[in-house]
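K.L.:
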Amino acid sequence: MWKNILSIGIGGALGTITRYFLNLYTLFVGYPIGTVIENILGSFLLGILTAWFLNRKSREWVKVGVGVGFCGGFTTMSTLAADSFFLVQEVSILSFLIYLFLSLFGGLTLAFMGLLLGTKWSGEKTNESEGGLS
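Set out below in structure tokens:
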């Protein structure tokens, strides 16, 4: 249990720091594109990891460290909500709708694509190891 908690803490810190730097590098745009990128990339990564961990044996602390920890720290629902309110109040309803569409449907689409890719990758590795290549 303590190994899981430590793994989540380290993964969460790394995910949060990564999110922070991504936001710093995208602030010049004037649109919360950093949050969109974080959420859709995080969804994609979590889709890959979910498929991988469903098809491969892995230690629990690794699963929770990268899934709950890193992906949880990297993606952000609270910033999505705050950015949405900002866009409605300060920019336009159209900007808000585009942002919400990209975030929600982009995240769901990339999570599904990541799941498919992760399934393919984990299946290929399993076939190679059964053939004695690893």
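Numbering-wise (the working numbering), the sequence shown opens with residue -7 and increments by one. Where is the CB? At the ideal position from N, CA and C, for every residue including glycine.
So, using beta-carbon positions, are residue 88 and residue 39 closer together than 8 Å?
P.N.:
No, Cβ-Cβ distance for residue 88 and residue 39 is not below 8 Å.
K.L.:
Quick one: measure Cβ to Cβ for residue 95 and residue 28, integer angstroms, because I've assumed they're closer than 8 Å.
P.N.:
By a beta-carbon distance limit of 8 Å, residue 95 contacts residue 28. Their separation comes to about 5 Å.
K.L.:
Would residue 34 and residue 66 qualify as a contact pair, given that the criterion is a beta-carbon distance under 8 Å?
P.N.:
yes
K.L.:
Is residue 22 helix, strand or coil by DSSP?
P.N.:
coil
K.L.:
Beta-carbon separation of residue 4 and residue 64 under 8 Å?
P.N.:
yes
K.L.:
Could you pull out every residue in the same chain whose Cβ sits closer than 8 Å to the Cβ of residue 102, ignoring the five residues on either side in sequence?
P.N.:
32, 33, 35, 36, 39
K.L.:
Let me know if residue -6 comes out buried or exposed under the rule of 16 or more other beta-carbons within 10 Å of its beta-carbon.
P.N.:
exposed
K.L.:
Would you check if the distance between the CB atom of residue 86 and the CB atom of residue 76 is smaller than 8 Å?
P.N.:
no
K.L.:
Considering only residues of the same chain and omitting the five flanking positions on each side of residue 45, which have a CB-CB separation below 6 Å?
P.N.:
55
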